[in-house]
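J.: Numbered per mature numbering (1 follows the signal peptide of the UniProt record, and there is no 0), the sequence shown spans residues -21 to -1, 1 to 644.
Dumping the structure here so I can ask a few things about it.
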Amino acid sequence: MKQRIFSLVTLFLVAYATLQAAPVGTWKAHRAYYNITDVQQGGNLLYVLASKSLYTYNKNDQSLQLYDKTNGLSGADISFIAWSQSARRLIIVYTDGNIDLLSADGQVTNILGYYNANVTGDKTVYGVDINGKFAYLSTGFGVVKVNMSDAVIAETYNLGFRINYTYIAGGKFYAASDTQGLYAADLSSNLLDKALWSRVGDYTVRPKSLDATLLAQVKQLKPGGPKYNDFGFLVFKHGKLYSVPGYADNLPAVIQTFNGTDWTVTDEKPASLNHVFVNFEALSVDPNNENHVFACGQTGLYEYLDNKMVKEYSLHNSPLQTASTVGNNNLDYVVTTGLSHDKAGNLWVMNSISPSTSILQLKSDNTWNSFYHQELMVYDNRSWENMSGVMFDSRGFMWFVNNFYRVPALACYQTSTDAIKTYPTINNQDGMLLHVSYVRCVAEDLEKNIWIGTSVGPAYLSAAEIAEGGNTFTQVKVARNDGTNLASYLLSGVDILSMAVDGAGRKWFGTNGSGVYLISTDNQTEIKHFTAANSPLLSDIVQSIAINEVSGEVYFGTSKGLCSYQSDATKSADTMTDETVYAYPNPVRPDYTGPITVVGLTYDADVKIVSAAGYLVKQGRSNGGTFVWDGTGPNGKRVPSGVYMVQTATRHGDKGTVCKIAIVN
């Protein structure tokens, strides 16, 4: 019997080797490692700080090791690294003041003392200097001494002003401040006593330079990853993740594309452009050509083909207009903040702050149409100031939001009739007006309801309300389960920056400071709440979300870069076949204790796991097209070695398929 099982193992390994995705619950960090700012040597390892990220190069075997929150680091954006030969550790200081120590063997020790300290004044770390086993952190209020051997904050010298760097010489400890000059105290004195410090000279800039020899050893290395850590806008289409930085002052005008393995970065500014080239806020991909992309932002609309810009659209060659709040013909402010293709391949563009246009159409034959709507004007002299989040729903309606405090609103546009309906106020089913400062995003769920994310939480227009032309939004009520009949509005008061609906109809909400929420299909259960503190999520500010509906991988564009999570839901299949329904990992080896995933299922399919003897081991419903089994039986223990049948049926009871899972203990 054992020989037969291992024969099956070999068969399944060949059949499914190329089909297996990452296990459910797996996190990945997609960090940039492009701009090298420091290189430290510790034995045979070179520690490289690049684009606020860390990796090592082993000079003995020429291997690279990336470090991030998924494999031990406590934070994302790194300000400084420094190696102590005495402690045999690298100190890692993050932009938020958190501190890690990385040992030569790869072990990470976190020091939370400074991060958690209640300090009056500026906690920013401006420099790190090593002396023996101690690291001296120059901060906005003085100096913090870290014992790197014992992994503790040893002392804090509160001088009351910013320190830029420190050094020890001639029995004295020196602290240099660009605002106060050079201060010193005897090393043998009580450095905690501010009165013992005295000004001994003027401040001298200490140039920061990389060791040329070390830099030469690492500058040709290619750790992979994107070039930038800015992912304010994400789209998953044609099996690829497309991204632009989103709105923020002077972010690069760049498109970064990820095919699951490699990154393509398009950021070259054509020599013909005679204006600023920053702040790509959104993009749209041609539904008929994965290499044909349009990006928009502060200075107009840009067309790309095969990763090269082929055309700029501005006020001289299109109906786009300069913002009415600046001078005429100012190419630096042709504000296009949202766009999307319809199914026919026509591109729809939002011209914000425009004196006489608002919605534009670039047809697939490269001709333009321009549409004016008084409903989209502010003060009668400009269009809504941040028309964004453009999306087409299953009805063919185009929805977008005005993500601006002056008129926070939702709009629905019918491209076939040029009819528009705006929702400048948000009233809920209880007759209460929501005091919304921003309407951030819009999405459609599987029941054709239209959801909005606002500065005070989510709400939706029901499919029935839309059909009837109504204006009433629904705020979901969730029972408090505290012994009363009271309920609370779903995520009330939470600033929703981004949202996406997965294949199971569940809602992913990205927030402005509270991380990510995953809410059940019926909106009543908080399935997950990821934060930077309880997960590898890079930041609690989640600006964008995109989902690979085939694999179930969920991408989060945060204020500190891009990361992803392997969820347990995929887009459901129309039908189940023996070729499309399979399980992974398969075989399940003795050392694997994670989830076993069945994919290729129809929506809400019935799934039964049955032993070879015919005993029911597990039963449940699919999340979209996915079912997850923990490998245990009714007793909660791992099932014995053997071959298990996965029997499926549609939600209506029609027979589906059977696939097999080999368990080896």
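Virtual Cβ for every residue (Gly too), placed ideally from N, Cα, C.
Under the assumption that L299 contacts S263 (Cβ atoms under 8 angstroms), give the Cβ distance between them as a whole number of angstroms.
T.: Position 320 of the sequence shown, counted from the start, is the residue given in the question as residue 299. Position 284 of the sequence shown, counted from the start, is the residue given in the question as residue 263. Incorrect: roughly 15 angstroms between the Cβ atoms, too far for contact.
J.: With a threshold of 8 angstroms on Cβ separation, who are the neighbours of D372 within its own chain once the five nearest residues in sequence on each side are excluded?
T.: Position 393 of the sequence shown, counted from the start, is the residue given in the question as residue 372. Here the set comprises W378, E423, K427, I429.
J.: Would you tell me roughly how many angstroms separate the C-alpha atoms of V421 and E260, rounded to the nearest one?
T.: Start at 1 with the first residue of the sequence shown, and residue 421 comes out as number 442. Start at 1 with the first residue of the sequence shown, and residue 260 comes out as number 281. If I take the Cα positions, the gap works out to 16 angstroms.
J.: Does the Cβ of A96 have 16 or more other Cβ atoms within 10 Å, making it buried, or fewer, making it exposed?
T.: As a working note, residue 96 is residue 117 in the sequence shown. Classification of A96: exposed, given that the 10 Å Cβ count is below 16.
J.: Anyone know if the C-beta pair for S58 and Y36 falls short of 9 angstroms?
T.: Position 79 of the sequence shown, counting from 1, holds the residue named residue 58. Position 57 of the sequence shown, counting from 1, holds the residue named residue 36. Cβ distance not < 9 angstroms, so S58 and Y36 don't count as in contact.
J.: Would you say the stretch 19 to 30 touches the stretch 65 to 83, given that touching needs at least three Cβ pairs under 8 angstroms?
T.: Taking 8 angstroms as the limit for Cβ pairs, the verdict is that the stretch 65 to 83 does touch the stretch 19 to 30.
J.: Take every Cβ of the stretch 580 to 591, pair it with every Cβ of the stretch 608 to 627, and state whether three or more of those distances are shorter than 8 angstroms.
T.: Yes, since at least three Cβ pairs between the stretch 580 to 591 and the stretch 608 to 627 fall closer than 8 angstroms, the two stretches touch.
J.: Between V305 and T278, is the Cβ-Cβ spacing less than 9 angstroms?
T.: Translated into positions along the sequence shown, residue 305 becomes position 326. Translated into positions along the sequence shown, residue 278 becomes position 299. Not in contact: V305 and T278 (Cβ atoms no closer than 9 angstroms).
J.: Evaluate the contact criterion for the stretch 237 to 245 versus the stretch 191 to 199: three or more CB pairs, one atom per stretch, below 8 angstroms.
T.: No, they do not touch.
J.: Along the chain, where does the alpha helix (DSSP H) containing N602 start, and where does it finish?
T.: The residue you call residue 602 lines up with position 623 of the sequence shown. From DSSP, N602 is part of no alpha helix (DSSP H); its letter is neither H nor E.
J.: Determine, using beta carbons only, whether Y144 and G106 come nearer to each other than 9 angstroms.
T.: Looking up residue 144 in the sequence shown gives position 165. Looking up residue 106 in the sequence shown gives position 127. It is a contact, given that the beta carbons lie within the stated cut-off.
J.: Let's test the definition: count the other Cβ atoms within 10 Å of the Cβ of I405 and tell me whether it reaches 16, buried, or not, exposed.
T.: Walking along the sequence shown from the start, residue 405 turns up at place 426. I405 comes out buried.
J.: DSSP has A525 in a bridge; who is on the other side?
T.: Sequence index remark: in the sequence shown, residue 525 carries index 546 (1-based). For A525, which the question treats as bridged, DSSP gives the partners Y534.
J.: Which residues bound the alpha helix (DSSP H) around Q196?
T.: Residue mapping note: residue 196 aligns to position 217 of the sequence shown, counting from 1. Run containing Q196: 191 to 197, per the alpha helix (DSSP H) assignment.
J.: Should the stretch 211 to 223 be called in touch with the stretch 531 to 551, which here means at least 3 C-beta pairs below 8 angstroms?
T.: Enough Cβ pairs lie closer than 8 angstroms, so yes.
J.: Could you compute how far the alpha carbon of F(-10) sits from the alpha carbon of R617?
T.: Locating residue -10 in the sequence shown gives position 12, counting from the first residue. Locating residue 617 in the sequence shown gives position 638, counting from the first residue. For F(-10), the predicted model reports a pLDDT of 39, less than 50, meaning its position is unreliable and no value from the coordinates is stated.
J.: Beta carbon of S331, beta carbon of S297: below 9 angstroms?
T.: Within the sequence shown, numbered from 1, the residue matching residue 331 stands at position 352. Within the sequence shown, numbered from 1, the residue matching residue 297 stands at position 318. It is not a contact, given that the beta carbons lie outside the stated cut-off.
J.: Can you name the start and end residues of the alpha helix (DSSP H) that Y94 belongs to?
T.: In the sequence shown, counting from the first residue as 1, residue 94 sits at position 115. Residues 92 to 95.
J.: Since T236 sits in a beta bridge, which residues does DSSP pair it with?
T.: Reading the sequence shown from its first residue, position 257 is the one you call residue 236. BP columns for T236 point to Y221, T243.
J.: What are the boundary residues of the beta strand (DSSP E) that includes I429?
T.: Position 450 of the sequence shown holds residue 429. Segment 429 to 433, the beta strand (DSSP E) holding I429.
J.: In whole angstroms, give me the CA-to-CA distance for T(-12) and A(-1).
T.: Here residue -12 is taken as the residue at index 10 of the sequence shown, counted from 1. Here residue -1 is taken as the residue at index 21 of the sequence shown, counted from 1. Residue placement at T(-12) is poorly supported in this model, since its pLDDT is 37, which falls under 50; the coordinates are not used for a value here.
J.: Cβ of V436 within 9 angstroms of Cβ of Y468?
T.: Counting from one through the sequence shown, the residue named residue 436 turns up at place 457. Counting from one through the sequence shown, the residue named residue 468 turns up at place 489. The residue you asked about is not Val; residue 436 is Gly in the sequence shown. Yes, the Cβ-Cβ distance between G436 and Y468 is below 9 angstroms.
J.: For I445, name the three-state secondary structure that DSSP assigns.
T.: The residue you call residue 445 lines up with position 466 of the sequence shown. DSSP places I445 in helix when its eight states are reduced to three.
J.: Using 10 angstroms around the beta-carbon of residue 649, count the other beta-carbons present and answer buried if the total reaches 16, otherwise exposed.
T.: Residue 649 lies beyond the stretch modelled for the chain, which goes from -21 to 644, so this question has no answer here.
J.: So if DSSP puts W489 in a beta bridge, which residue, or which two residues, is it bridged to?
T.: Within the sequence shown, the letter at position 510 stands for residue 489. Per the sequence presented here, residue 489 reads as Gly, with Trp not at that position. Paired residues: S477, V495.
J.: If you reduce the DSSP assignment to three classes, tell me which class A511 lands in.
T.: In the sequence shown, the residue the question calls residue 511 occupies position 532. If DSSP states are grouped into helix, strand and coil, A511 belongs with coil.
J.: Could you check the C-alpha separation between N110 and P202 for me, to the nearest Å?
T.: For this step, residue 110 is matched to residue 131 along the sequence shown. For this step, residue 202 is matched to residue 223 along the sequence shown. Cα-Cα distance, rounded: 31 angstroms.
J.: Measuring alpha carbon to alpha carbon, tell me which of M329, K151, V179, D157 ends up nearest N169.
T.: Stepping through the sequence shown from its first residue, residue 169 is reached at position 190. Selected option, being the one with the closest Cα: K151.
J.: Just to confirm, is the Cβ distance from I475 to N450 under 9 angstroms?
T.: Sequence index remark: in the sequence shown, residue 475 carries index 496 (1-based). Sequence index remark: in the sequence shown, residue 450 carries index 471 (1-based). Contact: no.
J.: What residues match up with D108 in a beta bridge as DSSP calls it?
T.: Here residue 108 is taken as the residue at index 129 of the sequence shown, counted from 1. According to DSSP, which records beta bridges pairwise, D108 is partnered with Y115.
J.: With a threshold of 8 angstroms, are at least 3 pairs of Cβ atoms found where one atom belongs to the stretch 242 to 254 and the other to the stretch 210 to 218?
T.: At 8 angstroms Cβ cutoff, the stretches do not touch.
J.: Look at the Cβ atom of V455, then the Cβ atom of G489, and state whether they are nearer than 9 angstroms.
T.: Numbered from 1 along the sequence shown, position 476 holds the residue referred to as residue 455. Numbered from 1 along the sequence shown, position 510 holds the residue referred to as residue 489. Contact flag unset, no.
J.: Using only CA atoms, which one of H414, A511, L595 lies nearest to D75?
T.: The sequence position of residue 75 within the sequence shown is 96, counting from 1. When only C-alpha atoms are compared, the closest one is A511.
J.: So what does DSSP say about T404, is it helix, strand or coil?
T.: Walking along the sequence shown from the start, residue 404 turns up at place 425. The answer is coil: DSSP assigns T404 none of H, G, I, E or B.
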